[in-house]
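Shown next, in structure tokens, is the structure this report addresses.
2 protein chains.
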Amino acid sequence: MKRVSIKDVALKAGVSIASVSYVLNNKINSRIPQETIDKVKLAAEELNYRPNNIAKSLKTQRTHIIGLVVADIANPYFSQLARIIEDEANQLGYTLLIGSSDENVEKFEALINMFADRQADGLIIAPVENSEKCLLKLQKQKIPFVLIDRYIPEIEADSIQINNHDISQKVTEHLIKEGFKNILLVAYKTELQHLLERTQGFVNGLKKHQLQINDNQILLVDKDYIDRDIYKGLDTTLNTSQRPDAVFFTSNKLAVSGLKKLTQLGLNIPNDIAVAAFDETEAYELFPIPLTFVKQPLLNIGTIAVQMLHKKINTKTTPLQNVILHAELHIGISSKKRLP
Amino acid sequence: MKRVSIKDVALKAGVSIASVSYVLNNKINSRIPQETIDKVKLAAEELNYRPNNIAKSLKTQRTHIIGLVVADIANPYFSQLARIIEDEANQLGYTLLIGSSDENVEKFEALINMFADRQADGLIIAPVENSEKCLLKLQKQKIPFVLIDRYIPEIEADSIQINNHDISQKVTEHLIKEGFKNILLVAYKTELQHLLERTQGFVNGLKKHQLQINDNQILLVDKDYIDRDIYKGLDTTLNTSQRPDAVFFTSNKLAVSGLKKLTQLGLNIPNDIAVAAFDETEAYELFPIPLTFVKQPLLNIGTIAVQMLHKKINTKTTPLQNVILHAELHIGISSKKRLP
DNA sequence: TCACTTTGCTTAAACGTTTAATCGAAATAA
DNA sequence: TTATTTCGATTAAACGTTTAAGCAAAGTGA
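Encoded structure:
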């Protein structure tokens, strides 16, 4: 039982395949009378015709596919974002292809190549470290893309970011205003710009309030050994004379790992140690007390990303756009100073 | 700057396009001498030739695309599973297309149609309620698929399930053995077979131990109003004379919502009320005490699903397979009887 | 009436592959 | 030498569309 093609419809309607194509695509320069239109549509209906997208794509050079490259689709941050992007993409007639890079350049490049080979109309990308050449190649190939979550200073590309520096400084100042003197920052060992900005925001927050920064006030964590590094780091730092009275985790995964450890240590939050975290995840909801966290505007990030990409796909020359969205600080109990 | 095609390679290598195709696909009936092979490969390399998958698909009727239909990619259960499936699919040379149905038949059917229109080689499907006709249609179209997580008794299809009934009965009996007398089951208001089996396992667990089941011992929740129904349900049931001393949540979302509520009510777990949950999610890790939960073999579900599908795609006549995998009961503190 | 435009529709090339069929030259066999 | 086989490669059709170009018939204006 073969698929029914435009040819079969043409035969049944008693017209040429060109006419069928024109009718079915509404490419009617007012040269096709209603009668023919009806004939064709009826035939298509009766044969239950479904257009062959592959043939269509071969001819039109459009696939109506958008590729999404995230670090890990199993990470709630990215899966929530992916869901938003999926909906918006479908809305605009695209199908979404998703790939996880694991923060690994080789995998990243393989994904990009795969999407390029599949001739995705455009890409939404959370770039990894050292992906500059790969992105440059993409630009050379004239495949439209927009960067999300992260951005690469060396690359002039459309992007959607959040105010990483400012919101981090805000978190820091919030903790300072609450009266915490010795805040520990837990961050990734990374060169990713958006994460460096979070650290910089922290540093500038301290500076602004004339607080000195000592060396072990920033705990750097290897992304591949989060639990190990955080457990060890917290163990040692909590035993120093300069024991921190607050911790600021700069990602959801760091926060989850850190909170587990603090709980295991039997520390009361915020009485023994205050906590602020980045991102929002279901996990925070089960923490015994409401957490203070930075809420990213995921809905905006996702929908704007798709819309920007859509525009780029359809009009070759769009001016470069670097959108900066604002994250919100949600203040819970975890960052409240204990009453003396 | 046009894409380089097989034609360009042929020209550069000084051979016909057929030869190029044969060489590049290793379709060599030992009729092509090494010299030509080298020539072609060199030319392809130098021109940086990338095959056009669309043209390839048009000709071969294979897309090397697998479609995955889940209820919601933002649900950790599905995003974890999706990640596993993505990796295994890539391993076998497929690209993964993901769609979320929101447990809605119309969206479900739209997704299936979209994947069919894109001529996915096969589908991995978590079917929704009332999707029978849609799945039958898929069978008629001879598109290979395997069902995961759920299954539809009316449809004879390949599937991968877990032992929902038995593991639920095991959870129930575990609670009974711990000494809990009045266990509340929190379940979805649904006809989905795998969820009914969880309830049935609970009922049979009680029966086996000669415990009677009274009406308000099962709290049915509308999936679209989880928080509302659970909050109200727990409020009322906790105020009855037959106050439950343990709760068994039959999904991760139900558990997260319920645990939030129990915490808000200031109840101590397990001293005031014991808890067991289904599925595994990051959120459980931040709950103050280790939870008792049912751990599904996600890695096996995902990899076996892809492998089964792969086999079905490549050999038209594979016997129907209904794999049943075993979930594990992880016993934490949340289901421990308080010492009297 | 004739020239020209409009209308309605068709023809045919093209998109980039795969692959069966074919073909000439060289090698082997008779 | 001639017939046959093998080797190495090519030709051309096909996959299912889109779309520029073309064409016959009808309509219009002078």
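Protein sequences appear in the order of chains A and B. Residue numbers are given in our numbering: position 79 of the first sequence equals residue 79, and the series is strictly consecutive. Residue numbers are given in our numbering: position 313 of the second sequence equals residue 1313, and the series is strictly consecutive. Cβ coordinates follow ideal geometry from the N, Cα and C atoms, glycine included.
Distance, residue j Cα to residue i Cα
{"i": "residue 86 of chain A", "j": "residue 243 of chain A", "result": "45 Å"}
{"i": "residue 229 of chain A", "j": "residue 220 of chain A", "result": "8 Å"}
{"i": "residue 82 of chain A", "j": "residue 1178 of chain B", "result": "42 Å"}
{"i": "residue 188 of chain A", "j": "residue 146 of chain A", "result": "24 Å"}
{"i": "residue 122 of chain A", "j": "residue 246 of chain A", "result": "43 Å"}
{"i": "residue 1053 of chain B", "j": "residue 1006 of chain B", "result": "12 Å"}
{"i": "residue 1150 of chain B", "j": "residue 206 of chain A", "result": "53 Å"}
{"i": "residue 345 of chain A", "j": "residue 31 of chain A", "result": "The question about residue 345 of chain A has no answer, for chain A in this structure spans 1 to 340."}
{"i": "residue 1199 of chain B", "j": "residue 1311 of chain B", "result": "34 Å"}
{"i": "residue 261 of chain A", "j": "residue 141 of chain A", "result": "47 Å"}
{"i": "residue 1337 of chain B", "j": "residue 288 of chain A", "result": "21 Å"}
{"i": "residue 156 of chain A", "j": "residue 80 of chain A", "result": "27 Å"}
{"i": "residue 232 of chain A", "j": "residue 267 of chain A", "result": "16 Å"}
{"i": "residue 250 of chain A", "j": "residue 186 of chain A", "result": "6 Å"}
{"i": "residue 169 of chain A", "j": "residue 1291 of chain B", "result": "36 Å"}
{"i": "residue 1010 of chain B", "j": "residue 1056 of chain B", "result": "17 Å"}
{"i": "residue 272 of chain A", "j": "residue 1306 of chain B", "result": "48 Å"}
{"i": "residue 161 of chain A", "j": "residue 1278 of chain B", "result": "37 Å"}
{"i": "residue 23 of chain A", "j": "residue 37 of chain A", "result": "6 Å"}
{"i": "residue 1130 of chain B", "j": "residue 1104 of chain B", "result": "9 Å"}
For residue i, the nearest candidate out of the options (CA to CA)
{"i": "residue 1060 of chain B", "options": "B/1077, B/1044, B/1076 and B/1025", "result": "B/1025"}
{"i": "residue 1223 of chain B", "options": "B/1313, B/1253, B/1297 and B/1092", "result": "B/1253"}
{"i": "residue 1051 of chain B", "options": "A/330, A/58, A/319 and A/282", "result": "A/58"}
{"i": "residue 108 of chain A", "options": "A/133, A/92 and A/291", "result": "A/133"}
{"i": "residue 1165 of chain B", "options": "B/1304, B/1300 and B/1203", "result": "B/1203"}
{"i": "residue 1128 of chain B", "options": "B/1140, B/1237 and B/1106", "result": "B/1106"}
{"i": "residue 1330 of chain B", "options": "B/1084, B/1010, B/1089 and B/1284", "result": "B/1284"}
{"i": "residue 135 of chain A", "options": "A/91, A/154 and A/193", "result": "A/154"}
{"i": "residue 35 of chain A", "options": "A/48, A/47 and A/15", "result": "A/15"}
{"i": "residue 1158 of chain B", "options": "B/1116, B/1324 and B/1332", "result": "B/1324"}
{"i": "residue 1071 of chain B", "options": "B/1110, B/1099, B/1208 and B/1091", "result": "B/1099"}
As assigned by DSSP and simplified to three states, the class of residue i
{"i": "residue 4 of chain A", "result": "coil"}
{"i": "residue 998 of chain B", "result": "Residue 998 of chain B lies beyond the range of chain B shown here (1001 to 1340); nothing can be said about it."}
{"i": "residue 969 of chain B", "result": "Since the displayed chain B opens at 1001 and closes at 1340, residue 969 of chain B lies outside it and no answer follows."}
{"i": "residue 168 of chain A", "result": "helix"}
{"i": "residue 103 of chain A", "result": "coil"}
{"i": "residue 129 of chain A", "result": "coil"}
{"i": "residue 1328 of chain B", "result": "strand"}
{"i": "residue 1070 of chain B", "result": "strand"}
{"i": "residue 237 of chain A", "result": "helix"}
{"i": "residue 92 of chain A", "result": "coil"}
{"i": "residue 258 of chain A", "result": "helix"}
{"i": "residue 1320 of chain B", "result": "coil"}
{"i": "residue 1115 of chain B", "result": "helix"}
{"i": "residue 49 of chain A", "result": "coil"}
{"i": "residue 1098 of chain B", "result": "strand"}
{"i": "residue 1161 of chain B", "result": "strand"}
{"i": "residue 1278 of chain B", "result": "strand"}
{"i": "residue 1015 of chain B", "result": "coil"}
{"i": "residue 122 of chain A", "result": "strand"}
{"i": "residue 188 of chain A", "result": "strand"}
{"i": "residue 1108 of chain B", "result": "helix"}
{"i": "residue 1138 of chain B", "result": "helix"}
{"i": "residue 196 of chain A", "result": "helix"}
{"i": "residue 287 of chain A", "result": "coil"}
{"i": "residue 1313 of chain B", "result": "helix"}
{"i": "residue 78 of chain A", "result": "helix"}
{"i": "residue 183 of chain A", "result": "strand"}
{"i": "residue 148 of chain A", "result": "strand"}
{"i": "residue 32 of chain A", "result": "coil"}
{"i": "residue 1054 of chain B", "result": "helix"}
Cβ separation of residue i and residue j, assumed to be a contact under 8 Å, to the nearest whole Å
{"i": "residue 1066 of chain B", "j": "residue 1112 of chain B", "result": "Contact flag wrong, Cβ pair sits at about 13 Å."}
{"i": "residue 1040 of chain B", "j": "residue 1018 of chain B", "result": "At roughly 11 Å, the Cβ-Cβ gap does not stay under 8 Å, so residue 1040 of chain B and residue 1018 of chain B are not in contact."}
{"i": "residue 97 of chain A", "j": "residue 68 of chain A", "result": "7 Å"}
{"i": "residue 335 of chain A", "j": "residue 256 of chain A", "result": "No, residue 335 of chain A and residue 256 of chain A are not in contact; Cβ-Cβ is about 17 Å, not under 8 Å."}
{"i": "residue 333 of chain A", "j": "residue 144 of chain A", "result": "With 8 Å as the limit, residue 333 of chain A and residue 144 of chain A do not qualify as a contact, their Cβ atoms being about 45 Å apart."}
{"i": "residue 281 of chain A", "j": "residue 1282 of chain B", "result": "7 Å"}
{"i": "residue 1342 of chain B", "j": "residue 1167 of chain B", "result": "Past the boundaries of the shown model lies residue 1342 of chain B; chain B is included only from 1001 to 1340, so the question cannot be answered."}
_Every unbroken beta strand (DSSP E) inside the stretch 199-245 of chain A [3 residues or more]_ = 218-221
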